[in-house]
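Protein sequences appear in the order of chains A and B. Reminder that position 40 of the first sequence reads as 40 in the UniProt record's numbering, one-by-one numbering, no gaps. Reminder that position 81 of the second sequence reads as 81 in the UniProt record's numbering, one-by-one numbering, no gaps. Backbone N, C-alpha and C define an ideal beta-carbon position, used for all residues, glycine too. All values derive from a computational prediction rather than experimental measurement.
Protein chains: 2
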Amino acid sequence: MTKAVKPAAGEARHYIRIKEQILAEIAEGKLQPGDRVSSESELVAAFGVSRMTANRALRELMFEGVLKRSAGIGTFVSPKHLDVDLLQIRNIADEILERGHTHQAIVVKAGLMKADANVADALELILGAEVMHSLIVHMENDRPIQVEERYVNPLVAPDYLSADFRSMTPHEYLTEVAPITAFEHIVQAVKPDPAIRKYLGLRNDHPCLRVFRRTWSGEAVVTCALLYYPGAQYRLEARSTKGPARPVAILGEKQ
Amino acid sequence: MTKAVKPAAGEARHYIRIKEQILAEIAEGKLQPGDRVSSESELVAAFGVSRMTANRALRELMFEGVLKRSAGIGTFVSPKHLDVDLLQIRNIADEILERGHTHQAIVVKAGLMKADANVADALELILGAEVMHSLIVHMENDRPIQVEERYVNPLVAPDYLSADFRSMTPHEYLTEVAPITAFEHIVQAVKPDPAIRKYLGLRNDHPCLRVFRRTWSGEAVVTCALLYYPGAQYRLEARSTKGPARPVAILGEKQ
DNA sequence: CCGCCTAACCTGTATATACAGGCTAGCCGC
DNA sequence: GCGGCTAGCCTGTATATACAGGTTAGGCGG
Numbered sequence: 001m002t003k004a005v006k007p008a009a010g011e012a013r014h015y016i017r018i019k020e021q022i023l024a025e026i027a028e029g030k031l032q033p034g035d036r037v038s039s040e041s042e043l044v045a046a047f048g049v050s051r052m053t054a055n056r057a058l059r060e061l062m063f064e065g066v067l068k069r070s071a072g073i074g075t076f077v078s079p080k081h082l083d084v085d086l087l088q089i090r091n092i093a094d095e096i097l098e099r100g101h102t103h104q105a106i107v108v109k110a111g112l113m114k115a116d117a118n119v120a121d122a123l124e125l126i127l128g129a130e131v132m133h134s135l136i137v138h139m140e141n142d143r144p145i146q147v148e149e150r151y152v153n154p155l156v157a158p159d160y161l162s163a164d165f166r167s168m169t170p171h172e173y174l175t176e177v178a179p180i181t182a183f184e185h186i187v188q189a190v191k192p193d194p195a196i197r198k199y200l201g202l203r204n205d206h207p208c209l210r211v212f213r214r215t216w217s218g219e220a221v222v223t224c225a226l227l228y229y230p231g232a233q234y235r236l237e238a239r240s241t242k243g244p245a246r247p248v249a250i251l252g253e254k255q
Numbered sequence: 001m002t003k004a005v006k007p008a009a010g011e012a013r014h015y016i017r018i019k020e021q022i023l024a025e026i027a028e029g030k031l032q033p034g035d036r037v038s039s040e041s042e043l044v045a046a047f048g049v050s051r052m053t054a055n056r057a058l059r060e061l062m063f064e065g066v067l068k069r070s071a072g073i074g075t076f077v078s079p080k081h082l083d084v085d086l087l088q089i090r091n092i093a094d095e096i097l098e099r100g101h102t103h104q105a106i107v108v109k110a111g112l113m114k115a116d117a118n119v120a121d122a123l124e125l126i127l128g129a130e131v132m133h134s135l136i137v138h139m140e141n142d143r144p145i146q147v148e149e150r151y152v153n154p155l156v157a158p159d160y161l162s163a164d165f166r167s168m169t170p171h172e173y174l175t176e177v178a179p180i181t182a183f184e185h186i187v188q189a190v191k192p193d194p195a196i197r198k199y200l201g202l203r204n205d206h207p208c209l210r211v212f213r214r215t216w217s218g219e220a221v222v223t224c225a226l227l228y229y230p231g232a233q234y235r236l237e238a239r240s241t242k243g244p245a246r247p248v249a250i251l252g253e254k255q
């Protein structure tokens with residue numbers, strides 16, 4: 001009667017392991033959009049779990065838009081899970097170099113710290129867990145263009161602090177260690193606090209664009225970061241399709 | 001034992017009825033952000049369902065970002081935040097109504113004008129072409145929440161100005177006339193000019209989120225708009241996957 | 001050959017039960 | 001009075017089971 005055995009891998013939860021396997025097969029291309037996914041009873045047999053557990057895995061993937069289910073028919077891979085490049089997660093250094101400018105990173109802080117409530121919550125770790133923290137100012141032609149305050153999950157990228165952030169941005173390093181499978185951006189306009197203002201070299205009343213970004217690799221949160229940009233000088237763009245990327249003056253601005 | 005009786009109301013599914021009741025209490029204000037929600041066992045007693053069913057209702061509401069749960073503590077109403085999805089275009093009136101609030105539009109201006117260089121460029125028309133222009137302030141519960149300055153391509157929507165924008169948002173009207181096939185969002189943080197500040201009722205130094213949006217129908221630019229939101233209160237969100245929309249305190253903010 | 005019915009398979013919902021582990025209030029002993 | 005332990009409540013996960021209703025293929029009878 002199949003005791004509730006602990007699964008072997010690092011991830012203990014059965015429904016997560018089922019989700020990860022299906023996501024991996026989609027990522028590898030073994031499962032194509034429109035393809036039929038194993039039915040609940042097939043997953044029960046394959047993973048040795050109960051049907052409710054298989055159901056939960058499939059239902060959550062449906063919620064997330066990965067799968068499409070219909071009673072009596074089966075479960076299928078959603079057609080358009082490739083909405084690529086909508087709002088790119090891009091390496092700030094690439095963006096700067098693309099403009100033909102020079103990029104330089106100044107590492108202000110890099111070290112270990114204990115996660116406070118907010119950080120623990122964001123990284124899905126327990127309160128007080130040790131996390132890695134870095135504070136980097138990115139310069140474009142010797143002018144500050146972004147302050148990056150980052151917290152990294154040591155379970156995913158244990159050697160984060162040994163990277164040299166002057167030659168490789170945290171983003172570059174982390175995508176190498178753990179490919180990004182999901183992201184979240186929350187954008188706000190804020191009045192920067194004095195420290196940020198100093199790093200960005202801003203006047204007192206200059207607004208700031210603050211992007212809170214989290215990235216996942218599989219089911220694990222890899223990192224979260226607060227990115228501060230000097231307000232009006234920076235544009236964050238999101239497009240539905242690749243083109244038209246033709247730059248246009250924003251109304252109300254002198255070109 | 002408790003037989004699996006059919007619930008009385010139109011909605012038969014138990015977990016849906018539990019979700020609806022909780023959502024109703026939040027909409028009515030009986031449950032405020034941060035308030036504790038009935039525990040699973042309390043719902044079991046109140047609705048006569050099994051714990052798994054109560055669990056499902058609460059878990060789905062957590063997925064949807066309505067509730068926040070933590071083991072050992074309980075289930076709580078998520079802090080309300082105003083947010084807009086950057087990766088899709090929605091009707092602001094719908095968003096407000098979904099939050100259980102009332103929407104009202106104040107038409108400040110509506111008329112014809114000749115396109116200046118920026119507008120002509122954005123709408124892909126020639127300089128000096130006649131375009132339609134509207135300036136609308138959207139109110140949520142009688143508080144200004146968005147200033148919408150819009151320019152419309154008369155070749156696509158010639159009757160734009162005859163619409164009644166108090167009963168139908170420009171977005172609603174335009175999507176009816178010309179379905180959106182592509183869009184572009186450019187986000188900046190700006191210091192609002194005095195007029196915008198007045199419309200939004202902001203203090204002098206309060207930053208603003210400005211979204212420049214263009215939408216296409218086929219190959220033609222339908223409209224472009226400058227949307228101003230009160231800065232730190234408003235969040236633009238972009239995520240690669242639908243769930244989990246579990247709200248997380250942005251680092252550095254008190255929740 | 002065609003139409004109907006059924007068996008097999010699928011998801012959707014619901015139940016009762018179990019064990020784990022986080023958290024807290026209160027009691028007990030020192 | 002104070003520290004530590006425990007009982008009780010909470011969520012998280014997992015199990016086995018049940019019945020419903022949608023869909024399809026195949027078999028049986030006219």
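When the Cα atoms are used, what is the spatial distance from residue i to residue j?
i         : j         : result
Val221(A) : Glu184(A) : 11 Å
Asn204(A) : Gly29(A)  : 52 Å
Ala195(B) : Gln32(A)  : 52 Å
Ala163(B) : Tyr173(B) : 7 Å
Ala225(A) : Ala178(A) : 16 Å
Val187(A) : Arg36(A)  : 37 Å
Gln21(A)  : Glu219(A) : 11 Å
Ser41(A)  : Thr102(B) : 47 Å
Lys198(B) : Asp121(A) : 37 Å
Ala71(B)  : Arg13(A)  : 16 Å
Gly65(B)  : Glu95(B)  : 14 Å
Gly216(A) : Ile180(A) : According to the sequence as given, residue 216(A) is Trp; it is not Gly. Taking the straight line joining both Cα atoms gives about 6 Å.
Arg143(A) : Lys191(A) : 20 Å
Ile106(A) : Glu148(A) : 10 Å
Just the chain A side, please: which residues come within less than 7 Å of residue i by C-beta, in chain order?
i         : result
Phe63(B)  : Phe63
Tyr15(B)  : Within chain A, no residue comes near Tyr15(B); the closest Cβ sits about 12 Å away, beyond 7 Å.
Tyr160(B) : Correct list: empty, because the minimum Cβ distance to chain A is about 17 Å.
Look up residue i in the DSSP assignment and give the residues it is bridged to.
i              : result
residue 257(B) : The structure shown does not extend to residue 257(B), since chain B is modelled only from 1 to 255, so the question has no answer here.
Asn20(B)       : The sequence given here has Glu at residue 20(B), not Asn. Answer is none; Glu20(B) lacks a bridge partner.
Tyr228(A)      : Val147(A) and Arg210(A)
Ala220(B)      : Ser217(B)
Met139(A)      : Gln104(A) and Pro144(A)
Ile186(B)      : Glu237(A) and Phe212(B)
Val37(A)       : Thr75(A)
Arg69(A)       : Thr75(A)
Quick one: does residue i have its CB under 7 Å from some CB of chain A?
i         : result
Leu123(B) : no
Pro207(B) : yes
Glu237(B) : yes
Gly34(B)  : no
Val190(B) : yes
Cutting at 7 Å between CB atoms, please list the residues of its own chain near residue i, excluding the five before and the five after it.
i         : result
Ile18(A)  : Leu43, Phe47, Ala54 and Ala57
Leu97(A)  : His103
Val119(B) : Val131 and Tyr151
Mind listing the chain B neighbours of residue i? Cutoff is C-beta to C-beta under 9 Å, in chain order.
i         : result
Lys68(A)  : Within chain B, no residue comes near Lys68(A); the closest Cβ sits about 13 Å away, beyond 9 Å.
Gly72(A)  : Under the 9 Å cutoff, chain B gives no residues; its nearest Cβ is about 18 Å from Gly72(A).
Tyr173(A) : Simply none; closest approach about 20 Å.
Cutting at 6 Å between CB atoms, please list the residues of its own chain near residue i, excluding the five before and the five after it.
i         : result
Tyr229(A) : Gln146 and Leu209
Lys68(A)  : Phe76 and Ser78
Gln104(B) : Met139
Val152(A) : Met132, Tyr160 and Thr223
Arg213(B) : His185 and Ala225
Met62(A)  : Arg69
Ala27(A)  : none
If I measure Cβ to Cβ from residue i and keep anything under 8 Å in the same chain, skipping five residues before and after, which residues do I get?
i        : result
Gly34(A) : Phe76, Val77 and Pro79
Glu60(A) : Tyr15 and Lys19
Glu25(B) : Leu31
So is residue i in contact with chain B if we call contact Cβ pairs under 7 Å?
i              : result
His185(A)      : yes
residue 285(A) : Residue 285(A) lies beyond the stretch modelled for chain A, which goes from 1 to 255, so this question has no answer here.
Gly231(A)      : yes
Residues of chain A with CB closer than 8 Å to the CB of residue i, please, in chain order.
i         : result
Tyr199(B) : Near Tyr199(B) there are no residues of chain A at all, since even the closest Cβ is about 14 Å away, more than 8 Å.
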